[in-house]
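>
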Amino acid sequence: MYETAAALRQKLASGTLIVGAHSFLTDSAITELFGYHGFAFVWIDGEHCAFTLPVILQHIQAAASGGTASLVRIAWNDPALAKPVLEMGPDGIIFPYIRTAEEARRAMAACFYPPKGVRGFGPRRANQYGFIENRQYLDQVDDSFLRILQIEHRDAVENLEEILQVPGIDVVVVGPNDLSASYGCLGNVRAPAMQPVYDHIAEICKKNGMPFGVSLGCADRDFVREWIQRGISLLGCGDDITFMSMGSTQTLEFIREIQTKEDEGGPANGQ
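Note that this note's numbering has the sequence shown beginning at 37, numbered continuously upward.
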């Protein structure tokens, strides 16, 4: 069950862009579908969505079935929230709204067993329900999942150099919505004032050799292109709600176009 996380690590090391999608709805079949359609990971959003622990587990299992990596965002930087998710054996865990190096250290401590951290020992699915012997599990556990921090506040930008020095971090991911809100630009992630902020984050991450990424919708292609040009390694782009909304809108617009042409007496096929 560690091959997917290992593959992501190899891609991060090589600078290959890793593209994934977000699952916001509770039906785990969506996560499985994303895997079949070629997304390298699925961002399972336990922060803003109606996900109970059993639902998160179902999404992790569905990701494995679909051949994609499972990255679970927990609701807050709290070891009590991280612990049960880690026992499910995801390919990565995402800590939201990290603002200081101390908060980053707290997140990392939740991921490591003593003496490196404070994670309690009780793997369930993480050691394949006991199929993996404890010594073997402990020898490989630190590399079995990605530890991801989100940069979502101007405090994090100001403290980024110090945050990136915390041992154990694999990737940092920008959350443009909350980040722009902290600069007074809520609802306008592409505000002119935000461009130098994004560029600064990219510069600091590159300087420190830290892979970085961004979590975006898929509608604004220019915004996606800007982030790729900044040199991101990980891109969460689009989600189940947006994809269904876009597909629904496009289908209805197409049908209404046909109906309009028929009402006007023109050929339905547009020829």
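Built from N, CA and C at the ideal position, the CB exists for glycine as well.
Predicted, not measured: the structure shown is a model, and the values here were computed from it.
1. Where does SER281 land, buried or exposed, given buried means 16+ other C-beta within 10 angstroms?
2. Short of 8 Å in beta carbon distance, which residues of its chain neighbour LEU44, apart from the five on each side in sequence? Order them along the chain.
3. What does LEU182 pair with, by DSSP beta-bridge criteria?
4. Sorted by chain position, which residues of the same chain lie with C-beta nearer than 8 Å to LEU271's C-beta, five sequence neighbours on each side aside?
5. What is the rounded straight-line gap between the Cα of ASP235 and the Cα of GLY267?
6. Following the continuous alpha helix (DSSP H) through GLY102, name the residue where it begins and the one where it ends.
7. For ALA146, which option in ARG135, PHE131, ARG160, PHE70 has the closest C-alpha, if you only look at C-alpha atoms?
8. Looking at C-alpha atoms only, which residue of CYS221, LEU174, PHE279 is the closest neighbour of GLY158?
9. Suppose contacts are defined by Cβ-Cβ distances below 8 Å. Is ILE96 in contact with GLY125 by that definition?
10. By DSSP's criteria, ILE187 is part of a beta bridge. Which residues make up the other side?
11. Measuring straight from C-alpha to C-alpha, what distance separates ALA238 and LEU196?
12. Closest by CA to TRP79, which one among LEU89, PRO90, HIS73, ALA99?
13. Nearest-angstrom Cα distance between ILE294 and GLY283?
14. To the nearest angstrom, report how far apart ARG292 and THR278 are at their CA atoms.
15. Would you list the one or two residues that DSSP bridges to VAL108?
16. Give me the Cα-Cα distance between GLN46 and ALA116, rounded to the nearest whole angstrom.
17. Could you tell me which whole beta strand (DSSP E) segments of length 3 or greater appear in the segment 45-72?
18. Just to confirm, are ARG141 and ASN113 a CB contact at a threshold of 8 Å?
19. Does the beta-carbon of PRO228 have 16 or more other beta-carbons within 10 angstroms, so that it is buried, or is it exposed?
20. How is VAL154 classed by DSSP in three states: helix, strand or coil?
21. Less than 6 Å between C-beta atoms, sequence neighbours within five positions excluded: which residues of the same chain meet that for LEU200?
22. Which two residues bound the contiguous beta strand (DSSP E) that contains VAL250?
23. Check for me: the beta strand (DSSP E) holding LEU122 runs from which residue to which?
24. Tell me the rounded alpha-carbon separation between PHE87 and GLU68.
Reading it off the structure:
1. exposed
2. ILE54, ALA76, PHE77, ALA105, ASP127, GLY128, LEU182
3. GLY128
4. LEU53, ILE54, VAL55, GLY56, GLY249, VAL250, LEU252, VAL260, TRP263, ILE264
5. 10 Å
6. 89-102
7. PHE131
8. LEU174
9. yes
10. VAL210
11. 11 Å
12. ALA99
13. 17 Å
14. 21 Å
15. ILE80, ILE129
16. 30 Å
17. 54-59
18. no
19. exposed
20. coil
21. ASN244, MET246
22. 248-252
23. Careful: LEU122 lies outside any beta strand (DSSP E), inside the alpha helix (DSSP H) at 115-123.
24. 16 Å
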